[in-house]
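Colleague: Every letter in the sequence shown is one number past the one before it in UniProt numbering, and letter 198, counting from 1, is 198.
Ideal Cβ placement from N, Cα and C applies to all residues, glycine included.
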Amino acid sequence: MKLLVTGGAGFIGSNFVHYVIERTDHEVTVLDKLTYAGNLASLEGLPDDRFRFVKGDIADAALVDGLVADADAVVHYAAESHNDNSLADPRPFLDTNIIGTYTLIEAARRHGTRFHHISTDEVYGDLELDDPARFTEQTPYNPSSPYSSTKAGSDLLVRAWVRSFGLQATISNCSNNYGPYQHVEKFIPRQITNVLRGERPKLYGRGENVRDWIHANDHSSAVLTILEKGRIGETYLIGADGEKNNKDVVELILTELGQPADAYDLVVDRPGHDLRYAIDSTKLRTELGWSPQYADFAAGLADTIAWYRDNEGWWAPQKDATEARYKAQGQ
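#1: Quick check: the segment 271–286 against the segment 305–317, are at least 3 beta-carbon pairs closer than 8 Å?
#2: From threonine 139 to proline 189, what distance separates their C-alpha atoms?
#3: Taking histidine 111 as part of the alpha helix (DSSP H), name the residues at either end of that continuous run.
#4: Under the rule that 16 or more other beta-carbon atoms within 10 Å means buried, what is glutamate 22, buried or exposed?
#5: Just how far apart, CA to CA, sit phenylalanine 51 and serine 145?
#6: According to DSSP, is alanine 73 helix, strand or coil?
#7: From glutamate 137 to tryptophan 161, what does the alpha carbon distance come to, in whole angstroms?
#8: Can alanine 69 and asparagine 39 be called in contact, C-beta distance under 8 Å?
#9: Just tell me which of Val210, Gly258, Asn194 has its CA closest to the CA of aspartate 265.
#10: Taking the alpha-carbon positions, what's the alanine 298 to glutamine 191 distance?
#11: Could you tell me whether the Cβ atoms of phenylalanine 184 and threonine 282 are closer together than 8 Å?
#12: Assuming methionine 1 and aspartate 72 make a contact with CB atoms under 8 Å, what is their CB distance in whole Å?
#13: Using a 10 Å radius around the Cβ and a threshold of 16 neighbouring Cβ atoms, would you call glutamate 126 buried or exposed?
#14: What three-state label does DSSP hand serine 119 in the structure shown?
See the structure below:
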């Protein structure tokens with residue numbers, strides 16, 4: 001297939017592009033605006049005969065129309081995705097996550113192009129720390145931030161276009177990703193790079209918030225499975241049963257890097273910080289036969305730490321500005 005991957009210079013998108021190029025014969029075109037979170041260095045080494053890059057905005061209707069017309073399928077990763085940034089300035093999240101998604105699905109509708117929409121478990125809100133429940137495809141939406149509410153809005157647009165216009169689309173909602181090429185503003189790479197620079201990790205509140213972690217390669221394999229086998233109009237939840245609280249994650253990072261497990265600082269908590277996410281991926285596993293490669297979170301985290309240790313040239317240019325922004329927020 002000829003795939004158009006939006007946001008393919010970002011963290012999860014670039015991992016998907018590498019995954020597809022290495023494991024299939026598909027051709028990939030990446031459309032990315034190259035905001036601060038997009039990095040062309042994340043796409044280095046890809047073959048010219050099967051990969052091309054287009055710099056542009058997913059809200060640019062003329063550009064999007066031509067690219068979608070030339071694709072067999074669109075995989076839509078592009079999004080403003082950082083909760084802290086959405087609290088400081090919500091408007092870019094509306095422009096990209098709502099208007100950008102609308103622009104893409106209108107083009108896909110016009111050209112009859114297969115469309116897969118990447119979303120997040122954060123659209124469901126959060127769970128209590130002692131609640132045995134997990135999110136399923138039937139869980140009502142209850143977003144708590146400008147980021148998660150605009151992602152919820154984009155999901156609903158895709159669902160409406162499937163029902164009203166016959167858009168050939170599927171949706172996936174994934175738990176928190178970790179792995180190579182993730183911006184150092186995010187939780188796991190921020191802590192890893194702090195330790196690598198001889199600085200203490202920073203932990204929101206008391207570190208009790210729980211996330212359901214999945215390696216980016218496992219997310220990529222799930223998306224490819226849905227693209228090839230998923231039923232049109234269906235939503236699939238992607239998760240690897242990787243529930244860990246933030247305190248445990250920081251202590252694992254410190255231990256892996258040879259530091260005392262308690263060598264971190266507590267900082268002021270994020271407003272509206274969701275307590276717990278947990279994904280039930282039974283539908284994806286039973287209907288489409290998917291399973292994660294990185295079922296052992298500690299092993300996946302060790303591989304991720306090794307990547308950041310070996311690729312300081314990729315993350316160092318981002319680090320100072322990111323930490324200055326957090327410091328200004330008291331975090």
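Modeller: Considering the structure as presented:
#1: Short answer: they don't touch.
#2: Straight-line Cα distance between these residues: approximately 30 Å.
#3: For histidine 111, the enclosing alpha helix (DSSP H) covers residues 101–111.
#4: By the Cβ neighbour-count rule, glutamate 22 is exposed, with fewer than 16 other Cβ atoms within 10 Å of its own.
#5: The straight-line gap from Cα to Cα measures roughly 35 Å.
#6: Three-state result, alanine 73: strand.
#7: Between glutamate 137 and tryptophan 161, the C-alpha separation is close to 18 Å.
#8: In this structure, the beta-carbon distance from alanine 69 to asparagine 39 does not fall below 8 Å.
#9: Minimum Cα-Cα distance from aspartate 265 among the listed residues Val210, Gly258, Asn194 corresponds to Asn194.
#10: Taking the straight line from one Cα to the other gives about 15 Å.
#11: The sequence given here has valine at residue 184, not phenylalanine. In terms of Cβ geometry, valine 184 and threonine 282 do not form a close pair [threshold 8 Å].
#12: Yes, they are in contact, since the Cβ atoms of methionine 1 and aspartate 72 sit about 4 Å apart, within 8 Å.
#13: Here residue 126 is aspartate; the residue named in the question, glutamate, does not match the sequence. Under this definition aspartate 126 is a buried residue.
#14: Of the three classes helix, strand and coil, the one that applies to serine 119 here is strand, per DSSP.
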